[in-house]
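Report on the structure given below.
Protein chains: 2
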Amino acid sequence: MKPIVPTLRTTHRRLPDRGSHERDVIEAILDEGLVCHVGFAHEGQPYVIPMSYARMGDRLVLHGAPGSRLLQELGAGAPVCVTVTLLDGLVLARSAMHHSVNYRSVVLLGRASAVQDEAEKRAALRAIVEHVVPGRSAEARPPSEAELGATLVLAVPIEEASAKVRAGPPKDDEEDHALPCWAGVLPLSLSTGTPVPDPRLRPGTPVPLTVAGYRRGR
Amino acid sequence: MKPIVPTLRTTHRRLPDRGSHERDVIEAILDEGLVCHVGFAHEGQPYVIPMSYARMGDRLVLHGAPGSRLLQELGAGAPVCVTVTLLDGLVLARSAMHHSVNYRSVVLLGRASAVQDEAEKRAALRAIVEHVVPGRSAEARPPSEAELGATLVLAVPIEEASAKVRAGPPKDDEEDHALPCWAGVLPLSLSTGTPVPDPRLRPGTPVPLTVAGYRRGR
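The following block contains the structure:
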């Protein structure tokens, strides 16, 4: 697997101690996220759209309808940015100024290409389902030929990427430690509720472990 | 308050029944989100950066360091896109193809301007703290003159914006309802853990209600 080489575009100028170009760190964040935010420019106007995705080795894959203007432009090789952000906590400092958020994020720059090969396309769609709900692709009906044809799959190489991580307690000014105000971190996480069966679910269909045991995050 | 007028750029061509330009819908999503994804283009390359924000009436405010390249370009009037996404659930269909995500998102297009007026700047910073932790600005030390000078505040008018919402059960193909596979929605929400006091917190400082009673979402 190729190393991730820092470029001028992915080097953190502000708070560089929060930045990382290590593949392990980047992959762990991509693997935990559920939704990415895809940025592209059209006639000078940037757009940011939330999308599902998956990591397949050193590529990130996206999918959508072949008629989508966004996906068409990206598949034609327009520059793209894919950002994944995980919220870990609210950082409450003694001063308003030092309030912050604990988070882990990845910014991936590059160009996408359309995945044409049918087997590769199937693998990518399977990866997206597995990314969101591990084990689910063994339960659900796989895509038909027609469905495969009606889906555009894009891949972005994970080469020019960087991670940014803020963790730990607030960093207050020395003199503010005397203030009577509570300070610390309120942890945040994504939690699941009780599964809601489809109104047309056949009575007696058990909730599978992929759903009943679903857990995301650390 | 000005109405939000749909433009060609904010009209949903795909799945238009999921789209909305109603100010109430847009504001509710903006008010619930904790982090926005800010998109801008630099030398043809799009970038998407997660940031804190707040809504102040019909403007969205952002803040950061005056040395930030991103904020400088945006403050100079470069086109920007601000996207806020809330995840409500995983939609598990009987076919891989119809798997989806229940979400609410807002895409805001426009141009930012730097907030120069000191009172307005103070109000914007207060709004950001209040947006993240309601009530917190009464507990924490407000920004000093120096801190105010060291913060750049940007405002984006909420005029060209649209919301997109997916809710409800999966939409399977008619013939797939005979499959034995479980189908339904796994609800997702942001939950809080036990507050972690700052290691230097003065012993006996109680956890305030703003933190102990913190709740986000519906």
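Protein chains in written order, with our numbering: chain A, 1 to 218; chain B, 219 to 436.
C-beta: ideal position from N, C-alpha, C; glycine also.
In this text, all values refer to a predicted model and were calculated from it rather than measured experimentally.
If the five residues before and after T410 of chain B are omitted, its C-beta is found closer than 7 Å to the C-beta atoms of Y432, all from its own chain and listed in chain order. For M315 of chain B, the residues of chain A that pass the 7 Å Cβ criterion are P143, E147, in the order they occur in the chain.
Counting along the chain, the unbroken beta strand (DSSP E) around I267 of chain B starts and ends at 263-269. By the beta-carbon neighbour count (other beta carbons within 10 angstroms, threshold 16), T301 of chain B is buried.
DSSP places T7 of chain A outside any beta strand (DSSP E), giving it a letter other than H or E. S52 of chain A is positioned such that its CB atom lies closer than 8 Å to that of V132 of chain A.
Listed in chain order, the alpha helix (DSSP H) runs fully inside the stretch 346-410 of chain B are 363-367, counting runs of at least 4 residues. Looking at the DSSP output, S20 of chain A bridges to A:A163.
Closest by C-alpha distance to P352 of chain B, out of B:D249, B:I222, B:A401, is B:D249.
At a cut-off of 8 Å between beta carbons, Q45 of chain A contacts chain B. DSSP places V91 of chain A in the uninterrupted beta strand (DSSP E) bounded by 79-92.
Taking a C-beta cut-off of 9 Å against chain A, the contacting residues of the stretch 289-300 of chain B are A296, P297, V298, C299, V300, listed in chain order. Put simply, of B:H230, B:A401, B:G307 the residue whose alpha carbon is nearest the alpha carbon of L190 of chain A is B:G307. Considering only B:A296, B:I244, B:E392, the residue with the shortest C-alpha distance to G328 of chain B is B:A296. Rounded to the nearest angstrom, the gap between the Cα atoms of D390 of chain B and H177 of chain A is 57 Å. Not one beta carbon of chain A lies nearer than 8 Å to the beta carbon of G431 of chain B. The stretch 139-159 of chain A makes contact with the stretch 51-65 of chain A; the number of CB pairs closer than 8 Å reaches 3 or more.
Straight-line spacing of the CA atoms in W182 of chain A and V48 of chain A works out to 37 Å. E139 of chain A reaches chain B at C399, W400, counting residues in chain order whose Cβ is nearer than 8 Å. Judged by beta-carbon spacing, V107 of chain A lies within the 8 Å limit of T10 of chain A, meaning their Cβ atoms are closer than that value. Taking CB atoms only, R94 of chain A has a neighbour in chain B less than 8 Å away. Going by beta carbons, V80 of chain A and A119 of chain A fall outside the 8 Å limit. Approximately 7 Å separates the beta-carbon atoms of P180 of chain A and T423 of chain B; this is inside 8 Å, confirming the contact. Shown here, H98 of chain A sits in a helix according to DSSP, grouped into three states. Residue pairing from DSSP leaves L71 of chain A without any beta-bridge partner. For Y271 of chain B, there are no neighbours in chain A by C-beta distance under 7 Å, as the nearest C-beta there is about 11 Å away.
Residue range 59-64 is occupied by the beta strand (DSSP E) that includes L62 of chain A.
With a cutoff of 8 Å on beta-carbon distance, G257 of chain B and P46 of chain A are scored as near each other.
Counting of Cβ neighbours within 10 angstroms places E174 of chain A among the exposed residues, the total staying below 16.
When the five nearest sequence neighbours on each side are left out, the beta carbons in the same chain lying within less than 8 Å of the beta carbon of S355 of chain B are those of R344, V347, E348, in order along the chain. Chain order gives the chain B residues near D176 of chain A as R359, where near means a beta carbon separation below 8 Å.
Residues of the stretch 104-130 of chain A with a C-beta less than 9 Å from any C-beta of chain B: S105, V107, L109, L125, R126, I128, V129, listed in chain order.
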